[in-house]
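Novice:
Protein chains: 4
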Amino acid sequence: MAKSKPMSRFLGGASIEPRPVRGEMTAADLVDTAFMAYNGRRLREACRLFAEKMLAPDTVVGMSLTGALTPAGLGMSCLIPLIEHGFVDWIVSTGANLYHDTHFGLGLKMFQGSAEADDVALRKAGVVRIYDIFFDYHVLLSTDAFFRELARNEEFQQPMGTAEFHYRAGRYVAERERVLKLRGKSLLAAAHEYALPIYTSSPGDSSIGMNLALLEMEGYGLRLDPLTDVNETAAIVYSAKAHGMNSAVFILGGGSPKNFVLQTEPQIQEVMGVAEKGHDYFLQITDARPDTGGLSGATPAEAVSWGKIDPDKLPDSVVCYVDSTIALPLITAYAMARRKPRKPRRLYDQRARMLKELTDAYEKVRRKRARAKVS
Amino acid sequence: MAKSKPMSRFLGGASIEPRPVRGEMTAADLVDTAFMAYNGRRLREACRLFAEKMLAPDTVVGMSLTGALTPAGLGMSCLIPLIEHGFVDWIVSTGANLYHDTHFGLGLKMFQGSAEADDVALRKAGVVRIYDIFFDYHVLLSTDAFFRELARNEEFQQPMGTAEFHYRAGRYVAERERVLKLRGKSLLAAAHEYALPIYTSSPGDSSIGMNLALLEMEGYGLRLDPLTDVNETAAIVYSAKAHGMNSAVFILGGGSPKNFVLQTEPQIQEVMGVAEKGHDYFLQITDARPDTGGLSGATPAEAVSWGKIDPDKLPDSVVCYVDSTIALPLITAYAMARRKPRKPRRLYDQRARMLKELTDAYEKVRRKRARAKVS
Amino acid sequence: MAKSKPMSRFLGGASIEPRPVRGEMTAADLVDTAFMAYNGRRLREACRLFAEKMLAPDTVVGMSLTGALTPAGLGMSCLIPLIEHGFVDWIVSTGANLYHDTHFGLGLKMFQGSAEADDVALRKAGVVRIYDIFFDYHVLLSTDAFFRELARNEEFQQPMGTAEFHYRAGRYVAERERVLKLRGKSLLAAAHEYALPIYTSSPGDSSIGMNLALLEMEGYGLRLDPLTDVNETAAIVYSAKAHGMNSAVFILGGGSPKNFVLQTEPQIQEVMGVAEKGHDYFLQITDARPDTGGLSGATPAEAVSWGKIDPDKLPDSVVCYVDSTIALPLITAYAMARRKPRKPRRLYDQRARMLKELTDAYEKVRRKRARAKVS
Amino acid sequence: MAKSKPMSRFLGGASIEPRPVRGEMTAADLVDTAFMAYNGRRLREACRLFAEKMLAPDTVVGMSLTGALTPAGLGMSCLIPLIEHGFVDWIVSTGANLYHDTHFGLGLKMFQGSAEADDVALRKAGVVRIYDIFFDYHVLLSTDAFFRELARNEEFQQPMGTAEFHYRAGRYVAERERVLKLRGKSLLAAAHEYALPIYTSSPGDSSIGMNLALLEMEGYGLRLDPLTDVNETAAIVYSAKAHGMNSAVFILGGGSPKNFVLQTEPQIQEVMGVAEKGHDYFLQITDARPDTGGLSGATPAEAVSWGKIDPDKLPDSVVCYVDSTIALPLITAYAMARRKPRKPRRLYDQRARMLKELTDAYEKVRRKRARAKVS
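Protein chains in written order, with the working numbering: chain A, 1041 to 1415; chain B, 1041 to 1415; chain C, 1041 to 1415; chain D, 1041 to 1415.
1) Does any C-beta atom of chain D lie closer than 8 Å to the C-beta of B:Asp1331?
2) Does the region 1395 to 1403 of chain D touch the region 1244 to 1251 of chain D, meaning 3 or more C-beta pairs lie closer than 8 Å?
3) For B:Asn1271, name the three-state secondary structure that DSSP assigns.
4) By the 10 Å Cβ neighbour count, where 16 or more other Cβ atoms means buried, how is C:Gly1052 classified, buried or exposed?
5) Is it the case that the Cβ atoms of B:Tyr1321 and B:Asp1356 are separated by a distance below 8 Å?
6) Given a threshold of 16 other Cβ atoms within 10 Å of its Cβ, counted over all protein chains shown, does B:Gly1224 qualify as buried or as exposed?
7) What does the alpha-carbon distance come out to for the pair B:Ser1226 and B:Arg1382?
8) My output table needs one value for A:Arg1409: the three-state DSSP class, helix, strand or coil.
9) Using a Cβ-Cβ cut-off of 7 Å (strictly less than) and excluding sequence neighbours within five positions of B:Phe1075, which residues of its own chain qualify?
10) Nearest-angstrom Cα distance between B:Cys1087 and A:Leu1162?
11) If you drop the 5 nearest sequence neighbours on each side, which residues of the same chain put their C-beta closer than 6 Å to that of C:Val1128?
12) If the cut is a Cβ gap below 9 Å, which residues of chain C does D:Asp1176 touch?
13) If we ignore side chains and look at the alpha-carbon of each, how far apart do C:Ala1373 and C:Tyr1078 end up?
14) Relative to the alpha-carbon of D:Ala1157, which residue among C:Leu1222, C:Leu1105, C:Ala1343 has its alpha-carbon at the smallest distance?
15) Can you check whether the CB of B:Ala1203 is closer than 8 Å to the CB of B:His1232?
16) What whole-angstrom Cβ distance do A:Leu1323 and A:Leu1114 have, given they're in contact under 8 Å?
17) Using a Cβ cut-off of 8 Å (strictly closer), state whether B:Thr1110 contacts chain A.
18) Any Cβ of chain D within less than 8 Å of the Cβ of C:Glu1310?
19) Any beta-carbon of chain B closer than 8 Å to the one on A:Glu1342?
20) Taking the alpha carbon of B:Leu1387 as the reference point, which residue from B:Leu1262, B:Tyr1207, B:Gly1284 has its own alpha carbon closest?
21) Output needed for C:Val1205: all residues of its chain with C-beta closer than 7 Å, excluding positions within five of it in sequence on either side, in chain order.
22) Give me the residue from A:Gly1145, A:Met1150, A:Ala1235 with the minimum Cα distance to A:Phe1186.
23) Just how far apart, CA to CA, sit B:Leu1354 and A:Val1168?
24) Could you tell me the distance, in whole angstroms, from the CA atom of B:Pro1009 to the CA atom of A:Ser1345?
25) Near B:Ile1173, what residues of its chain come up, given a Cβ to Cβ distance below 8 Å and the 5 sequence neighbours on each side ignored?
26) Please report how far the alpha carbon of D:Arg1411 lies from the alpha carbon of C:Glu1258, in whole angstroms.
27) Does the structure place the region 1322 to 1340 of chain C close enough to the region 1295 to 1302 of chain C that three or more beta carbon pairs sit under 8 Å?
28) Using CA coordinates, which residue listed in A:Thr1066, A:Pro1097, A:Lys1408, A:Cys1360 is at the minimum distance from A:Gly1313?
29) Would you list the one or two residues that DSSP bridges to D:Ile1325?
30) Specify the secondary structure class of D:His1178 as computed by DSSP and reduced to three states.
31) So, are the CB atoms of A:Leu1370 and A:Val1179 less than 8 Å apart?
32) Answer yes or no: does any C-beta atom of chain A fall closer than 8 Å to that of D:Met1065?
33) Please name the residues in the region 1055 to 1079 of chain D whose beta-carbon is closer than 8 Å to at least one beta-carbon of chain B, in chain order.
34) For the beta strand (DSSP E) containing B:Arg1169, name the first residue and the last one.
35) Run through the DSSP bridge pairs and tell me what B:Thr1066 is partnered with.
36) Of all the CB atoms in chain C, is at least one closer than 8 Å to the CB of A:Met1041?
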């Protein structure tokens, strides 16, 4: 079997020769040892992209949250620790994740149930189901009342973007946590504490929006302004890039939050006409394949054709087809094993500055266009 | 092989004994003949649920649109014909479907391309890709300019819900269609003509929202109010049920538009405290399975535990796991083969009345609660 | 919006501008009209590849069957008509599809049931379930007895390949059909009549294999020889190509039958050392994505690197991600609408000739190698 | 928020309140801590079912292997260690997993490549691709030659089942490993050493079968007997149950190996008429959903209606929808952390005894039937 011919350039990758798995291995070592091919390898590459590149000091990390993450306990096991470690800088979430997160901050409980349960029986028993998670209907009613009560306060009687709404609401949740001697239970509370801005792309869609809509019907003055959110998120990305930093997106699931973190770049380039090249790092955990027509499954390569992703950075993109309920704990453990905490950026406090930078850049473009028209 | 014992009650379904498929069969006959089991059968049951029950005269049909439906040509092949036949009464769509729909109304073109294309080359050539669909970057810029131009008009300098925005914008698209001698190309234009309200659950998320955000930055007065949308959509469902009609939801894909059509019932029951039982018919076409944690995959059975679906109507629920690009043409052809057109309901024109009915019902609840507290 | 710059070469595909769907459309016209993008378009391309290229007179079509196709009625609605039209030339099937096919030929019945049924109750009631298909446990026992009885006959007391076993068994099923005045119910019977060879890649795996294993335990002489099948299927492909014809594979599902139809080419090239270039047309209907590690999801592009698919013919490959229960009726209707019947090839009768051609080709290689060693 | 009413019985599950994830956590602790819902929870339950119940001393564990497991390095990282720990007792594998396993035992290498590679270029460079794994075409030719050479030996000139073939072939691989000073690289070698029987359900399907088919064409005497395999595997399960032990199946993927491990019970009950109740534990890792029609996606509940699974043991069934490349390392690490090694059963050496037990049981049934007929 002597073979003297030179090995093909295609065979330059690491040889597949893992060590045996052992019971005492840390999660991070297991990923590095045994995740060699297919989605296992994609997950290892996701871990490495996150820990080695996205968590570099000069990279701003935006995260999008879809799927029932907080009901599954991933708020307190992963998302809050990631915030505390400075590993995420801004978030776009479904309202549902923030609404259910609030239960934990209010001392309300969710339980492991069964996906095979009889829903008619559950309905009769006043139990609500999210797949294999059960909780009392009372949990909904209490949380609804909590949001209505806080939003009747004077500070909410005005139009605002959703980051501001969540920040202000987060203070109430944090207070409740303090009273109940809880800590690290609520993402909203943690985001408030770390001045991390949380946006939602669909402000009316979720029980939070539903209760605020009722207040609107009752005549209260709160209005949520989704257009402000568009500009603020674009400003976060623009400011990072304008200051020589990189922009990374970490997408859990897909849906409109995925699009919302990605559309920041076309907002800058296509709509405003400000020169930019796209996000630098793209990491997505999803079950949606590209062929089925949803945005959730659209690839980073496709995003290049829209200017959402910098074409030169395409190699720094990973899509892993696996549940977030499996991937997020592994990625979190990996990042914590391999990276020291970063100083939290507290971007919420810098919204005005960032927005001004973007507005100034746009004004320059407008003036240039006006001059071009004149001459 | 003599068998005298009585047949089990489980064996009472239709026997599987289809006729041979022939080339001259209509699509509807093929579905009835050959779609016997698995997702084939689910699709046949979807066709029948839609044509036989959801399209009964006393049923109000809400539809949610996610995935790249209009870019795939399904606006002009299916959605507009469904509107013209009175087969859909209100819609919740992603902004992207409405934005790309507008291209066709403006006489701009999209082309069949290849999902395997080199996106860096496409980017250089100024070509944008949605999976296997290509179009000129200029199409984006032109459509952006169109939306900015119309939204600078006086009629838009105020806060409004998205149904109103889409209705008003639809008039401009319809005019452009007329000038260009096009017809039946744009869903927005058709919805305007038929006074069919179109909502979006994420008003800032899409190129429409992005351009409106730019106008906000420029100082214009348009604000989109997602909370109004919550109340209007709940009012559509409440009004139908209060007048003894049924409410049906037809969900293409999932995501926040799915939740938005479904949350109308918890808004009425849980948040407002008005007695109601849930939607009567539930039809979803999706690729998202229940086990993966997204709302897209949540089942109608689970929705029962939330009060979204009337538990007594659970048998009238169908979920079919197949691409909308395959299912929607088949369901459309089936409905047109089996059902006469219905008179369009023109719900957009009745928003005030429906909202008043819902507000009155809520006022009754409040007064009752106040009395209960006093006594 | 004047645009004078020349259109990109990327925008040369058909413009997306479908006609409205109507109720009287044939299935074939619906596919051509409305299936424009994503898996809808893949399915239209599958239809066209099959009807326009694979069914050309000079192309030999091998089909692999996995998934519960015959229980779903697709044997009598699609597969038998395809055989009768000369649209398929040889088949590799799971044993299960042939076993359940036999029920229909014996006059036994399967029924539409429910995938939500209580299986413990079904077990008690003697009802067996295949997803949403129900049948009496007696159907299994009767079909088991039928196979044991026929395989005790003298003609079966010898080793044979599975094509021979299925052909011989098919005669018994055909006779039973005649006695019961049934026609067109059983694939095994139809394949016997048309001398179409049916192989199985896993001869022990299925109730047919299980019953034959019992006969072996009882001391009977039938032995199934999977190695004969390997050579016979390679010979079918080799013979077609050696006579200037094309070889097409039509894969429903995946699994070992997929590999078995594809491995014919490596058998010729890699194992025998006979010069060949690979299959010419590749059509697969599956739900298995490439990233998950199964052969079912392996792409035609990957197959090129193995020599399974001729690299020059890669454009003539289509993979469509949709259930066979939806795709097969549509493809069948399309082919029948667009193609005249072909003369059946009766390949079963030509196994000896084809095997000799392959053996001769291998002998030439061996002699050449021997000469090379000597000199 | 006072709530005095008693909590519903549905809310008796563990409360969702995980600790924060930390970098130094072992994989097993991470699974126990953070895998709370959806497929994360299913994977935790899979780990526990395996470690706590299936690995009890009195349980015989059959494993089925599909998908590119050995090319992904999972043979040496997980499967061989599981065998060495006595955590698996018999195996049904695709031929492909055993063929590619052999490369490692022969000192041949596979490399991490890219799933996006140009396959036409790979073909030209003589590089073969399995998704994101690359290797030299020479690896195939060398392994082919190895199998042809060993199977020309006298000991192979007879009919045999596949366990015997793999056991005998395993000795050659083990010898080669010794010569090359390798250890723990090849599953075939390890199975030989531990007398663990490995079956394949599709003996002709894979490069092993292809090379043996060539020997048949050359006139050699080896015949593989799939019917023997049916009886031997049924005997393993029957013997375990007859001796008061439990039978567990651990299914990686699906396909014909899944059916082959499961059909042992219908073989005993339905075909032989011997009283038995079904497998006791069922653990499957797959991406195939039940609705798509393949056996891979068929649920343990459905298997109850066939007698494959003991209905009383249904709660001891877990299906987890995730790649084996992610699940297998986690389950392996978990089992090793939580369970001491078991004494290897060396079932290969006991085939004759087990087969006799099954034959005797069948003889009893036959005699009883004969008596019943007479009287």
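Glycine is no exception: its CB is placed at the ideal position from the N, C-alpha and C atoms.
Specialist: The relevant details are as follows:
1) yes
2) Output reads no: the region 1395 to 1403 of chain D does not touch the region 1244 to 1251 of chain D.
3) B:Asn1271 sits in a helix when the DSSP states are folded into three classes.
4) exposed
5) yes
6) buried
7) 21 Å
8) helix
9) Arg1081, Leu1083, Arg1084
10) 30 Å
11) Val1101, Met1103, Leu1122
12) What D:Asp1176 touches in chain C: nothing, since even the nearest Cβ is about 11 Å away.
13) 21 Å
14) C:Ala1343
15) no
16) Contact between A:Leu1323 and A:Leu1114 does not hold, since the beta-carbon distance rounds to 16 Å and is not under 8 Å.
17) With respect to chain A, the C-beta atom of B:Thr1110 has no partner C-beta closer than 8 Å.
18) yes
19) Among the residues facing chain B, A:Glu1342 is included, as its CB has a counterpart in that chain under 8 Å away.
20) B:Tyr1207
21) The amino acid occupying residue 1205 of chain C in the given sequence is Phe; Val does not appear at that position. Here the set comprises Leu1264.
22) A:Gly1145
23) Between B:Leu1354 and A:Val1168, the C-alpha separation is close to 16 Å.
24) Absent from the model: residue 1009 of chain B. The displayed extent of chain B is 1041 to 1415, so no value can be given.
25) Around B:Ile1173: Ala1108, Pro1111, Ala1112, Met1150, Phe1151, Gln1152, Gly1153.
26) 18 Å
27) yes
28) A:Lys1408
29) Answer is D:Leu1292, D:Cys1360.
30) helix
31) no
32) yes
33) Ala1077, Tyr1078, Asn1079
34) 1167 to 1170
35) C:Thr1066
36) A caution first: A:Met1041 carries a pLDDT of 39, below 50, which makes its placement in the model unreliable, though a value can still be read off. It does not: the Cβ of A:Met1041 has no partner Cβ on chain C nearer than 8 Å.
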